[in-house]
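Position one of the sequence shown corresponds to residue 1 (UniProt numbering), numbered consecutively onward.
Don't be surprised by glycine CBs; every beta carbon is placed ideally from N, CA and C.
Presented below is the structure to which this report refers.
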Amino acid sequence: MAPSPTPRDNRGDLSMSSNKTSRIGLPALDVSLAFPQATSASVFPPSVSDFYQFDDLLDSKCKDLRKKIRMVMEKEVAPIMATYWEKAEFPYHIIPELASLGIAGGTIKGYGCPGLSLIECAVAFAEVSRVDASCATFILVHSSLAMLTIGLCGSEEQKQKYLPSLAKLSTVSCWGLTEPDYGSDASSLKTFATKVNGGWVLDGQKRWIGNSTFADILIIFAQNTAENQINAFIVKKGSPGLEVSKIENKIGLRMVQNGDILLKKVFVPDEDRLSGINSFKDINKVLAVSRVMVAWQPIGITMGAYDMCHRYLRERKQFGAPLAAFQINQEKLVRMLGNIQAMVLVGWRICNIYESGKMTPGQASMAKAWISLRARETVSLAREMLGGNGILSDFLVAKAFCDLEPIYSYEGTYDINCMVTAREITGLSSIKPTIPGKRSRL
Ligand SMILES: Cc1cc2nc3c(=O)[nH]c(=O)nc-3n(C[C@H](O)[C@H](O)[C@H](O)COP(=O)(O)OP(=O)(O)OC[C@H]3O[C@@H](n4cnc5c(N)ncnc54)[C@H](O)[C@@H]3O)c2cc1C
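Below you can see the structure in the form of structure tokens.
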């Protein structure tokens with residue numbers, strides 16, 4: 001641990017102070033003026049969580065990518081994130097900066113996509129999440145879910161038509177699987193697709209769909225009424241019968257615009273059906289990759305929380321000594337750091353197994369479940385160590401703490417992912433119970 005505190009630089013705070021207004025309409029007091037003992041997260045702390053030199057495992061291309069993302073996120077996003085998070089608005093003006101990272105399209109090769117390795121994508125998601133998990137989720141839904149569905153399950157014409165502008169973030173996409181009545185039980189969808197002359201008619205509802213309030217294209221999953229199998233469709237923004245309303249009052253990932261979608265006889269032409277999705281098994285090909293990517297979000301979030309805590313504890317004094325000098329805080333810092341090292345190594349190994357073509361669904365599920373569980377412990381340690389400031393979004397850890405909650409629950413909840421792994425290792429499924437008086441669905 002470096003002995004002297006990081007020099008203060010509150011440029012980011014001061015630039016925001018003029019346009020911030022409190023909830024009761026008064027100008028908000030700049031946090032750096034109200035609490036001069038510690039630097040807020042708008043001036044992001046240096047990265048100090050790589051204790052076991054994970055960097056040595058990365059090639060120079062990957063290191064360069066990470067450096068570039070770190071610079072853009074710390075410079076462009078850190079100064080504005082608490083304001084937008086509080087307002088629950090997406091900072092649309094930074095989309096060009098996010099596009100400049102060159103990560104949209106991830107592992108897809110060709111069609112203007114970057115063709116990254118899985119570990120490059122993983123490191124990229126961690127770096128974005130280290131500063132802001134909402135931005136990471138925005139890219140994840142767009143790239144690792146929607147674009148990847150087109151990349152893996154679309155026709156050549158669909159890939160040529162849609163992927164190049166999505167890769168540049170000139171157009172934005174979303175991915176609609178979850179429904180109001182079917183979350184974990186997503187294979188039982190009640191949005192229906194009926195074949196008509198020249199296309200399909202979609203009827204139903206979707207819930208929680210990230211980016212959907214402004215997405216140019218929406219990937220919508222629906223049950224084909226003729227075959228009772230799940231199909232996927234590319235629905236365009238503004239299609240007659242399509243309504244999207246924003247879900248308000250979230251406590252986490254507040255910048256992400258999650259929507260409720262209503263589909264009332266929405267016509268989709270034949271050319272916009274994704275012919276590679278003919279059952280839930282086909283969706284699992286996409287989820288295998290996205291679940292690994294989601295596992296890297298908690299890794300990045302905890303890196304940021306650790307960096308913040310590390311700086312704060314050396315700046316803030318109580319009883320005449322920096323908080324970092326107290327043994328009880330030192331134990332908590334070490335516990336956080338140990339968790340991060342273990343999480344990184346699990347995340348790194350699952351990428352290797354995927355790239356070797358040997359990854360099983362149970363392995364991906366355990367990585368996502370275990371990493372998000374450890375991350376929950378890690379960010380709650382950070383939250384408590386910042387005392388009162390641990391509940392202010394300005395100091396990052398409260399935001400990190402809240403942002404982790406939806407991640408713990410999406411892309412398969414912790415419980416569902418544990419049950420997927422347990423089914424694989426025991427050969428016994430506990431996912432669909434037998435209700436007395438009803439026939440078992442096992
Ligand atoms: C911020 C956010 C963003 C999201 N973005 C998207 C998106 O872009 N696209 C999309 O399609 N979806 C999205 N989702 C939906 C997400 O995938 C679901 O919320 C998730 O799958 C859980 O479903 P649910 O919320 O309906 O919970 P439920 O399925 O109702 O589960 C509630 C609780 O019951 C438990 N449970 C459920 N079934 C079982 C069982 N068999 N055994 C034991 N326990 C069980 C769960 O673990 C959980 O604790 C998003 C969700 C959130 C919160």
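Considering residue i, what are the terminal residues of the alpha helix (DSSP H) in which it resides?
i, result
"phenylalanine 401", "397-409"
"glutamine 327", "327-355"
"isoleucine 301", "280-315"
"leucine 118", "118-131"
"isoleucine 425", "414-426"
"alanine 375", "361-385"
"glutamine 160", "156-167"
Tell me whether residue i counts as near ligand 1, meaning its Cβ is closer than 6 angstroms to at least one heavy atom of that ligand.
i, result
"threonine 415", "Threonine is not the amino acid found at residue 415; the sequence shown has aspartate there. At least one heavy atom of ligand 1 is nearer than 6 angstroms to the Cβ of aspartate 415, so yes."
"threonine 360", "no"
"serine 436", "A quick correction: the sequence has proline, not serine, at residue 436. For ligand 1, not one heavy atom lies less than 6 angstroms from the Cβ of proline 436."
"valine 244", "no"
"threonine 39", "no"
"isoleucine 209", "yes"
"tyrosine 84", "no"
"asparagine 231", "no"
"glycine 106", "no"
"leucine 140", "no"
"leucine 177", "yes"
"serine 184", "yes"
"tyrosine 410", "yes"
"proline 406", "yes"
"isoleucine 431", "yes"
"aspartate 258", "It should be noted that the sequence gives asparagine, not aspartate, for residue 258. Because some heavy atom of ligand 1 lies under 6 angstroms away, the Cβ of asparagine 258 counts as near it: yes."
"leucine 253", "yes"
Is it true that the CB of residue j sits closer than 7 angstroms to the CB of residue i?
i, j, result
"glycine 204", "leucine 263", "yes"
"alanine 215", "serine 170", "no"
"valine 235", "isoleucine 220", "yes"
"isoleucine 407", "serine 430", "no"
"alanine 305", "alanine 364", "no"
"isoleucine 301", "leucine 386", "no"
"isoleucine 261", "serine 212", "yes"
"glutamine 341", "phenylalanine 90", "no"
"serine 32", "methionine 303", "no"
"glycine 105", "serine 143", "yes"
"proline 164", "glycine 112", "yes"
"methionine 71", "valine 128", "no"
If we count the other Cβ atoms within 10 Å of its Cβ and call it buried at 16 or more, is residue i buried or exposed?
i, result
"aspartate 116", "Reading off the sequence, residue 116 comes out as leucine, not aspartate. Burial call: buried."
"proline 45", "buried"
"threonine 434", "exposed"
"alanine 226", "exposed"
"glutamine 327", "exposed"
"phenylalanine 125", "buried"
"proline 114", "buried"
"isoleucine 391", "exposed"
"serine 184", "exposed"
"glutamate 76", "buried"
"serine 393", "buried"
"lysine 96", "The question names lysine, but residue 96 in the sequence shown is proline. Label assigned to proline 96: exposed."
"glycine 320", "exposed"
Considering just the uninterrupted stretch of the beta strand (DSSP E) at residue i, what are its terminal residues?
i, result
"alanine 232", "230-236"
"serine 245", "242-246"
"glycine 199", "199-210"
"leucine 218", "217-224"
Where does residue i fall in DSSP's three states?
i, result
"glutamate 179", "strand"
"arginine 254", "coil"
"phenylalanine 319", "coil"
"aspartate 30", "coil"
"phenylalanine 138", "helix"
"phenylalanine 35", "coil"
"glycine 437", "coil"
"glycine 112", "coil"
Comparing the CB of residue i with every heavy atom of ligand 3, is any distance shorter than 6 angstroms?
i, result
"proline 164", "Of the ligands this structure carries, namely ligand 1, none is ligand 3."
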